[in-house]
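Asker: UniProt numbering numbers the first residue of the sequence shown as 1 and each following residue consecutively.
For reference, the structure I am asking about is given below.
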Amino acid sequence: MGLNDVLATDIVLTIRQRLFAEAEAKELAVRDFACTFMGLISSANGTLIMQIGDGGVVVDFGHGLQLPLTPMVGEYANMTHFITDEDAVSRLETFTSTERVHKVAAFTDGIQRLALNMLDNSPHVPFFTPFFNGLAAATQEQLDLYLNC
Numbered sequence: 001m002g003l004n005d006v007l008a009t010d011i012v013l014t015i016r017q018r019l020f021a022e023a024e025a026k027e028l029a030v031r032d033f034a035c036t037f038m039g040l041i042s043s044a045n046g047t048l049i050m051q052i053g054d055g056g057v058v059v060d061f062g063h064g065l066q067l068p069l070t071p072m073v074g075e076y077a078n079m080t081h082f083i084t085d086e087d088a089v090s091r092l093e094t095f096t097s098t099e100r101v102h103k104v105a106a107f108t109d110g111i112q113r114l115a116l117n118m119l120d121n122s123p124h125v126p127f128f129t130p131f132f133n134g135l136a137a138a139t140q141e142q143l144d145l146y147l148n149c
């Protein structure tokens with residue numbers, strides 16, 4: 001299956017199915033599992049970025065940092081969209097590229113004003129540079145530790 005909107009929709013529907021089943025199994029309301037969604041798949045075949053709700057995904061395809069999808073905002077302040085919402089699939093935003101990602105960072109709305117230049121919704125490079133430099137300088141042992149936290 002290709003990296004495309006069909007795959008993104010299938011992923012969202014599968015996540016929703018699991019969340020609804022978990023809510024039912026625990027006898028809870030599905031709203032207790034409400035969350036935004038950001039996902040990225042990148043391989044030699046290309047890249048697929050998916051998002052429902054606020055926050056964002058910054059990537060570098062080897063040409064500098066970019067924000068392929070504009071963070072979603074709700075109708076009112078402090079309002080967003082969740083993967084558990086009835087209209088989640090129609091709210092799903094996607095971005096595809098034939099290139100493989102070299103660097104990626106996801107962020108929540110809590111740091112959005114630090115992570116982005118709000119005038120043009122572009123990545124604020126000085127915010128991301130220490131993270132990427134730290135990862136580039138890490139040993140394999142340190143990377144394994146980070147990934148297993």
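C-beta: ideal position from N, C-alpha, C; glycine also.
1) For Arg18, which option in Val6, Asn148, Tyr146, Thr84 has the closest C-alpha, if you only look at C-alpha atoms?
2) Rounded to a whole number of angstroms, what is the C-alpha to C-alpha distance between Ser90 and Gly62?
3) For a minimum of 4 consecutive residues, which ranges assigned as the alpha helix (DSSP H) are wholly contained in the UniProt domain "PPM-type phosphatase" (5-147)?
4) Is the CB-CB distance between Thr139 and Glu99 below 8 Å?
5) Spatial neighbours of Val101 within its chain, please: C-beta separation below 8 Å, excluding the five flanking residues on both sides.
6) What residues in its chain sit with their C-beta under 7 Å from that of Ala105, if we drop five residues either side in the sequence?
7) Decide yes or no for the touch test of the region 117-128 against the region 64-71: beta carbon pairs closer than 8 Å, at least 3 of them.
8) Classify residue 151: buried if its beta carbon has 16 or more other beta carbons within 10 angstroms, exposed otherwise.
9) Are the beta-carbon atoms of Ile15 and Thr36 separated by less than 8 Å?
Answerer: In short, the structure shows the following:
1) Minimum Cα distance to Arg18 is reached at Thr84.
2) In this model, Ser90 and Gly62 are separated by some 31 Å (Cα to Cα).
3) 5-25, 88-91, 112-115, 125-137, 140-147
4) Contact: no.
5) Leu40, Ser42, Thr47, Val59, Asp60, Phe61
6) Val58, Phe128, Phe131
7) yes
8) No answer is possible for residue 151: it lies beyond the span of the chain, which begins at 1 and ends at 149.
9) No; because the gap between Cβ atoms is not below 8 Å, this pair is not in contact.
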